[in-house]
Each structure stands twice: as C-alpha cells, then as structure tokens.
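K.L.:
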Ligand SMILES: *Cc1c(COP(=O)(O)O)cnc(C)c1O
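In the working numbering, the protein residues as written are 903 to 1274.
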C-alpha cells in the first residue's frame, strides 16, 4: 500500500506561474532590482489601501523588521513580552541587548494577559511587545491604558495578523506605536520572505526607511547605524500579485475553519480555540487543545497523525522561555507562566491553507476522530 499524500500544516498560496511572468519582464526591462524601486513603492501603497493603514515600510523579513522597530523607538532596558510565540519575538530583544520579561497569557485568547503586566513593570521597563497570536487581537485597549500610565511604548508583533480588523473597518495594525508584519512563505500573505512595519506617521516611517537602508539619508549622509533590511523588487512584485488573490484565499480559509469547527465540535477532550471576537479574522492557524479526557496525549495524537502523513504542528511548544538563552531569566520560570506552560502541552495546529481540499480535510478529521 502506498502512503497517503502528505498534508502539511500549511502550504504557500502560489498563483499561476504565467501570472508572474509580466512582473519579471518589467524588472528585467527596468533593471532596478532593489533600493526602493517601483514595485517596492507600489506594494507599500497597495498594502496601505488593502490593510487600511497610513504608512508602511517593507522589509526583507519580519525578524529584521522587529529588530528595526525596537531600534526606531530607541527601546532599551527591559521589555515585557509573551513566552507563547515564535522564537523571533524574543530574539529581536536579545539582538538589541534588551532583557525580555515574560508575562503569562490569557487562557481564552492565548495572548499576553493584561492583568499580569503591571506586576512585571520595573524602573527599567521601557516597552511592551505583545503578539496577536494566531491573528487573534490582543486586548489593545487594556494594554494601551497600562502603557499610558507607565509611559511605555507598545510594539505589536503582528506577524500572524495580516488583514485582521478589531471592529469593522479598523485594522488591528492601527494600535500601539508600531506593528510588525511577516510575509514569510508560511504566513497568510507571503512574498517568499518579507515583512513590514506599520507606522502611525510619516516621521516614524522616514526614520525606519533610513534605518533599513544603512542609515543613509542621501549619497553622503548617514544618520544612524542602520541595517540592510530592504525588500527586493522580486519579492515586492510577487507581493503585488499575491494581493490580487488574497480575498479569495481568505474566503477559502474561513470555510476550512468553519468545517473543522463543525466536524470536531462533539469530540470529547478536544477544544477548538475560539477567536477573540474580532470583526474580521484571517484564519491563519487552526489551533486545537487536547485536554486530559482525550484518549491520547497531545504528543501521541501528533505522532499518530504523522504516521498517516499528516503534519500538524505544536505551535507554540516549547515556549520561548524554555529555550537555553532564556530559561535562566527569573521571568522564564514555569511557575511564573502556568497558563502558557499548560497550553504549550495541549496545543496542536491543524492543516489550514487555501488549497486544502475538502477530501484532505476530511482525512485529517477522520484520523482525529478515529483516536477519540
Ligand atoms: C513568522 C514570525 C516571525 C518572524 O517573521 P520572519 O518573516 O519569518 O522573520 C515573528 N514573530 C512571529 C509571531 C512569527 O510567527
């Protein structure tokens, strides 16, 4: 018997190759490959319109965008963040010589718990770096209130939150001082590799544009020790093409999400994570929690699915605070992070991507139900 075709947790959305050809021809005739070329400018404009934000600065990837966002606001000392995220969130702090201070998550939204932030603030705290985990918005109002009270900056890691709106017409990217997007191949909107910083005003964008280009203002003036974080024309042009298909991709993701919820609702010991009540969701992930009354442990279910060539992923396990460069921090102690520690033991993200067929989704559901 041949093994069933593999189903991965995600698959990048790729338009017909022929659709990309004209963009390549344009680049070949322009002979402009990077340095804020025409496609870079077009994509910034198109994303502002699509996302409903004023200013955006494109980057080579989300991690460099995070590192640069912290530089742009001159963040130092300690920053409060979540252990329940992709490791780049905290790495961006270490790359800036900043000490991460981990605060536990809310058991419902799995985002940084605003009720626990104040207790972690010290005289060295300068900012809060929350994550809109799975594209579910943080409690942005509660976080801003604390930031205002203690004079802290807020930078959102919005790598999962492309296209999400908190209320109709209000992008989640409008909150905080800056928001950082990732356009990595595994994300809802991808440019192969890519990222961006969403900025509230033209001055912030200008500083960020200098920082992502070595600090150059003109041919002979360098105002800051900047980095090379510029998105190339190849990536930017692909982004423009990708944007043409994003609405249909989102509709398909929503349908897959709804089908999982219906098919798994009655499985004992299995809980589908609810969204955070956002007006527009992007269904970037489909996390489920395996409770003690499910017949298999989370890891046994993960293995069982792998044996069937279904590659679900344990996002986010291990916690960032469990990695060697973090676990010595006082805030990384599991006792300080009981909710995140529990969720990391229970979570499994099921395959969700626009090209996932109903038949393949049914295969995933059938395998899980067979274990229940
Ligand atoms: C993907 C991701 C990043 C990093 O983005 P890259 O574009 O891969 O550098 C940062 N934070 C979170 C939460 C992510 O999921």
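Think of the CB as a built atom: it goes at the ideal place given N, C-alpha and C, for glycine as much as any other residue.
Just so we're clear, the structure is a prediction, and the values are computed from it rather than from any experiment.
Given residue 988, which residues of its chain have a CB within under 6 Å of its CB, disregarding the five upstream and five downstream residues?
P.N.:
There are no such residues.
K.L.:
Let me make sure I understand the geometry here. Which of 939, 1043, 1225 and 967 has the alpha-carbon closest to that of residue 1099?
P.N.:
Of the listed residues, the one whose Cα sits closest to residue 1099 is 967.
K.L.:
How far does the alpha helix (DSSP H) with residue 1162 in it extend, from its first residue to its last?
P.N.:
Looking at the DSSP string, the run of the alpha helix (DSSP H) that includes residue 1162 is 1135-1166.
K.L.:
Between residue 978 and the rest of its own chain, which residues show a CB-CB distance below 7 Å, the 5 nearest in sequence each way excluded?
P.N.:
Once the five neighbours on either side are set aside, the close Cβ partners of residue 978 are 1000 and 1028.
K.L.:
Using only the alpha-carbon positions, how far apart do residue 1164 and residue 1260 sit?
P.N.:
Going from the Cα of residue 1164 to the Cα of residue 1260 covers about 13 Å.
K.L.:
Do residue 1084 and residue 1097 have their C-beta atoms closer together than 9 Å?
P.N.:
In contact: residue 1084 and residue 1097 (Cβ atoms closer than 9 Å).
K.L.:
Straight-line CA distance for residue 1239 to residue 1005?
P.N.:
Each residue's alpha carbon lies about 7 Å from the other.
K.L.:
Is any heavy atom of ligand 1 found at a distance shorter than 8 Å from the C-beta of residue 963?
P.N.:
The answer is yes for residue 963.
K.L.:
Once the 5 residues before and after residue 1117 are set aside, which same chain residues still bring their CB inside 7 Å of it?
P.N.:
Contacts found: 1124, 1125, 1126, 1127 and 1128.
K.L.:
Counting beta carbon pairs with one atom in the segment 928-942 and one in the segment 1052-1062, are three or more of them shorter than 8 Å?
P.N.:
With the cut-off at 8 Å, the segment 1052-1062 and the segment 928-942 do not touch.
K.L.:
Buried or exposed for residue 923, going by 16 or more other Cβ atoms inside 10 Å?
P.N.:
By the 10 Å Cβ count, residue 923 comes out exposed.
K.L.:
How would you label residue 946, buried or exposed, when you count the other beta carbons within 10 angstroms and need 16 or more for buried?
P.N.:
Result: buried.
K.L.:
Can you tell me whether residue 980 is buried or exposed? The criterion is at least 16 other CB atoms within 10 Å of its CB, across all chains shown.
P.N.:
Classification for residue 980: buried.
K.L.:
Look up residue 1209 in the DSSP assignment and say whether it is helix, strand or coil.
P.N.:
Residue state, collapsed to three classes: helix.
K.L.:
Give the list of continuous beta strand (DSSP E) stretches no shorter than 3 residues that lie fully inside the segment 1170-1234.
P.N.:
Qualifying beta strand (DSSP E) stretches, in chain order: 1172-1174 and 1188-1192.
K.L.:
Determine the DSSP secondary structure at residue 1239, reduced to helix, strand or coil.
P.N.:
Coil, per DSSP.
K.L.:
Exposed or buried, what is residue 1047 when buried is set at 16 or more other beta-carbons lying within 10 Å of its beta-carbon?
P.N.:
Exposed, because fewer than 16 other Cβ atoms sit within 10 Å of the Cβ of residue 1047.
K.L.:
Decide yes or no for the touch test of the segment 1032-1039 against the segment 1261-1269: beta carbon pairs closer than 8 Å, at least 3 of them.
P.N.:
No: fewer than three Cβ pairs fall under 8 Å.
K.L.:
Check whether the Cβ atoms of residue 1130 and residue 962 lie closer than 9 Å to each other.
P.N.:
For residue 1130 and residue 962, yes; Cβs fall inside 9 Å.
K.L.:
Going by DSSP, which residues form a beta bridge with residue 1004?
P.N.:
Answer by DSSP bridge pairing, in chain order: 983.
K.L.:
With burial defined as no fewer than 16 other Cβ atoms inside 10 Å of the residue's Cβ, what is the status of residue 990: buried or exposed?
P.N.:
Buried, by the Cβ-count rule.
K.L.:
CA-CA distance, residue 982 and residue 1191?
P.N.:
Residue 982 and residue 1191: Cα-Cα distance of roughly 26 Å.
K.L.:
Between the Cα of residue 1172 and the Cα atoms of 1271, 1113, 907 and 1184, which residue gives the shortest distance?
P.N.:
Checked all of 1271, 1113, 907 and 1184; the closest Cα to residue 1172 is 1271.
K.L.:
Counting only the same chain and skipping the five closest in sequence on each side, list residues whose C-beta sits under 8 Å from that of residue 1103.
P.N.:
So the list reads 956 and 957, once near-sequence residues are dropped.
K.L.:
Within the same chain, show all residues whose beta-carbon is closer than 6 Å to that of residue 971, passing over the 5 residues directly before and after it, in chain order.
P.N.:
The residues are 1057, 1080, 1082 and 1099.
K.L.:
Assuming residue 1090 contacts residue 1186 under a Cβ cut-off of 8 Å, what Cβ separation, rounded to an integer in Å, is found between them?
P.N.:
Yes, they are in contact, since the Cβ atoms of residue 1090 and residue 1186 sit about 5 Å apart, within 8 Å.
K.L.:
Between the segment 1222-1233 and the segment 1199-1207, can you find at least three pairs of beta-carbon atoms closer than 8 Å?
P.N.:
Contact between the segment 1199-1207 and the segment 1222-1233 is absent, because fewer than three Cβ pairs lie under 8 Å.
K.L.:
Just curious, the alpha helix (DSSP H) that residue 994 is in, first and last residue?
P.N.:
Residue 994 -> alpha helix (DSSP H) spans 990-996.
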